[in-house]
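Reviewing the structure listed below.
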Amino acid sequence: MIEFRELSLIYPNGTEGLRNINIKINEGGEFVVIVGLSGAGKSTFIRSINRLVTPTNGALLVENEDILKLKGKDLRRLRTKIGMIFQSYNLVKRSTVIKNVISGRLGYTGTFKSILNIFSKEDKLLAYENLKRVNIEEKLYNRADELSGGQQQRVSIARVLTQKPKLILADEPVASLDPPTSHQVMKYLKQINQEDNITTIVNLHFIDMAME
Amino acid sequence: MRNQPLTLPEKPKSKMKLTKRMIALVAILLIYIWTFSSISIRWESVFSVRTLENIDRIIPKFFQPAFEETDTIVEMMIETIFIAYTGSLAAAIIAVPLAFLCASNMVKNKWLNNAGMWILGAVRAFPEIVLAIIFVAAVGPNPFAGVLAIAIGSTGMLGKLFSEVLESIDMNVVEALESSGANKLQILFLALCHRSCLNFYPMRSIDLKLMSVLLLYSEL
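So the sequence lines, in the order shown, correspond to chains A and B. Counted from 1, the first sequence has number 185 at position 177 by the working numbering; the numbering is strictly sequential. Counted from 1, the second sequence has number 1027 at position 142 by the working numbering; the numbering is strictly sequential.
Next comes the structure, spelled out in structure tokens:
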């Protein structure tokens, strides 16, 4: 369960990101869509949950733990449980698709091993299986920047899945895609949400897509 | 709608900036004037018969290689390559921490960034020849002095190069990896190092270093 208690965030330059947010999101497969204009604070809201930004006031509880005070190792442990999908895909463009997907395992892999690029057989198979789930397994060894936008976003979904998260945050996942591709990406998100019971929070700025 | 002529809103001017620029300009001009007035080039000796005689004496020697010395020359050539290689390797290692200090997206402290820049700038200001003279005085005229000179001399340039590579990292990727629970070192290696970069960058300027070793040798 995620609970926002009187949560506020003011950026260092004085911009107010969030003001007294109170909300409860149940775990166990909810699909929550947040709709709002640009600059309304959707991103700030969603980034607070995995502490890419740190709210300045109030409390934010994930699994009954106030995450605002987490630091270092504890913070990384929290983040391994929360997958995130970005508007601009944020893949390592010069690396292969499989390497990008397997980077979802970084939080579970020792530093030394990951630097030497040693991942266990299970991790590799998991990465491949997740690529299959988003139907892009044939691009396995292509460089990430050779793919189209929709394909890249699917790779980033596979990366998040490889992380085995309990919660998926998607910050404008389809904002830079055309309508048919957007629908496809949303379909995969929805499907994963239902099949794996992963709570999913999605930011959108199209009402009609949110209604679906 | 178009009755009024379109005028561009005036660009905000900062007096501070203008004064700073003026001061810099005046300072540079003064330095130039000082330099040119204090050096005394004797043009009459540059353009003299003796210059021509010297040229005539030296240039033909280029076309008379001493083949009987091949053994020593080959040995020295190999030594030169080793010096350049060892020096570059040492420079690459020294340059990494300094590069982190300079990269503003890695160390988020302006003062430390500036300190790093100053250190690298100061190191770059010394030509390798000058360093070589210092090190020859310190450790004697042997290859080790050359290695030290190359190592320190290249640190400035490599540090700058590395810090620029670091600053060009796609911060979006860093954010994505961070959000998956990866630690700083993992992020760095995954976002930055695609197979070749680490051993490639120091070797980029190996030709330049070979040249400076040659220069050092000819000086000694």
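Every residue, glycine too, gets a C-beta built ideally from N, C-alpha and C. For clarity, every value in this text was computed on a predicted model and none was experimentally measured.
Supposed contact pair residue j and residue i - C-beta distance, whole angstroms, cut 8 Å
i         : j         : result
B:Thr1040 : B:Ile943  : At roughly 35 Å, the Cβ-Cβ gap does not stay under 8 Å, so B:Thr1040 and B:Ile943 are not in contact.
A:Ile123  : B:Phe985  : Actually they do not touch by this definition, with Cβ atoms about 16 Å apart.
B:Val1050 : B:Ile968  : Wrong, their Cβ atoms sit about 26 Å apart, outside the cutoff.
B:Gly1038 : B:Phe1020 : Not quite, the Cβ-Cβ distance comes to about 10 Å (not below 8 Å), so this is no contact.
A:Thr189  : A:Glu38   : Actually they do not touch by this definition, with Cβ atoms about 25 Å apart.
A:Ala67   : A:Arg13   : 4 Å
A:Leu109  : A:Asn138  : Looking at the sequence provided, one finds Val at residue 109 of chain A rather than Leu. That pair is a contact at about 6 Å.
A:Asn60   : B:Glu1060 : The sequence shown places Leu at residue 60 of chain A, rather than the Asn named in the question. Between B:Glu1060 and A:Leu60 the Cβ distance is about 6 Å, and since that is below 8 Å, they are a contact.
B:Ile1035 : B:Ala976  : 7 Å
A:Thr64   : B:Leu1070 : About 29 Å; that fails the 8 Å criterion.
A:Met9    : A:Asn34   : 6 Å
B:Thr971  : B:Val1024 : The Cβ separation is near 14 Å, so there is no contact.
B:Thr904  : B:Leu1095 : Going by Cβ atoms, the distance from B:Thr904 to B:Leu1095 rounds to 46 Å, so no, they are not a contact pair.
A:Gly36   : A:Asn201  : With 8 Å as the limit, A:Gly36 and A:Asn201 do not qualify as a contact, their Cβ atoms being about 11 Å apart.
A:Leu69   : A:Glu154  : With a Cβ gap of about 42 Å, A:Leu69 and A:Glu154 do not count as contacting.
B:Gly1066 : A:Thr88   : 4 Å
A:Gln192  : A:Gly158  : 6 Å
B:Met1056 : B:Asn990  : 6 Å
Residue i burial status per 10 Å Cβ neighbour count (16 or more: buried)
i         : result
B:Ser1053 : exposed
A:Tyr196  : buried
A:Ser92   : Note on identity: in this sequence residue 92 of chain A is Met, with Ser being the wrong assignment. Flag for A:Met92 reads buried.
A:Met2    : Outside the modelled stretch of chain A, which goes from 9 to 220, sits residue 2 of chain A, for which no answer is possible.
A:Leu17   : buried
B:Val911  : exposed
B:Ser1081 : Because the pLDDT at B:Ser1081 is just 44, under 50, the model does not fix this residue reliably, and the value given afterwards should be weighed accordingly. With fewer than 16 Cβ atoms within 10 Å of its Cβ, B:Ser1081 is classed as exposed.
A:Val100  : buried
B:Ile913  : exposed
B:Lys1045 : buried
B:Val959  : exposed
A:Tyr19   : exposed
A:Tyr97   : buried
B:Glu954  : exposed
A:Ile42   : buried
B:Ile1047 : In the sequence under discussion, the amino acid at residue 1047 of chain B is Phe, which differs from the Ile named in the question. B:Phe1047 is buried by the Cβ-count criterion.
B:Gln889  : exposed
B:Glu1063 : buried
A:Gln199  : exposed
B:Ala909  : exposed
B:Glu938  : exposed
A:Glu203  : exposed
A:Gly44   : exposed
B:Ile916  : exposed
Check whether the stretch 174-181 of chain A and the stretch 202-214 of chain A are in contact - that is, three or more C-beta pairs closer than 8 Å.
yes
With three or more C-beta pairs closer than 8 Å as the rule, is the stretch 95-105 of chain A touching the stretch 136-150 of chain A?
yes
Within the stretch 99-151 of chain A, note down every full beta strand (DSSP E) run reaching 3 residues or more, in order along the chain.
none
Please give the ranges of any alpha helix (DSSP H) in the stretch 65-105 of chain A, keeping only runs that are unbroken, at least 4 residues long and fully inside the region.
Counting only runs that start and end inside the stretch 65-105 of chain A, the alpha helix (DSSP H) elements of at least 4 residues fall at 80-89.
Near-chain A residues of the stretch 1042-1064 of chain B - C-beta to any C-beta below 8 Å:
Under the 8 Å Cβ criterion, the stretch 1042-1064 of chain B contributes Asp1055, Asn1057, Val1058, Glu1060, Ala1061, Leu1062, Glu1063 and Ser1064.
Could you tell me which uninterrupted alpha helix (DSSP H) segments, each at least 4 residues in length, are contained entirely in the stretch 916-1002 of chain B, listed from first to last along the chain?
928-931, 934-947 and 955-987
Is it the case that the stretch 17-31 of chain A contacts the stretch 54-73 of chain A, given that we only count it when at least three CB pairs across the two stretches are under 8 Å?
yes
For the stretch 165-176 of chain A and the stretch 110-127 of chain A, state whether three or more C-beta atom pairs, one from each stretch, are separated by less than 8 Å.
The answer is yes - the stretch 110-127 of chain A touches the stretch 165-176 of chain A, with three or more Cβ pairs under 8 Å.
Check whether the stretch 944-955 of chain B and the stretch 1003-1010 of chain B are in contact - that is, three or more C-beta pairs closer than 8 Å.
no
Below 7 Å between beta carbons is the criterion; list the residues of the stretch 45-74 of chain A that meet it against any residue of chain B, in chain order.
Asn58 and Leu60
Short-range partners of chain B found in the stretch 160-176 of chain A, where Cβ spacing is below 7 Å:
Gln171
Output needed in chain order: residues of the stretch 115-133 of chain A with a Cβ under 7 Å from some Cβ in chain B.
Gly115, Thr119, Ser122 and Ile123
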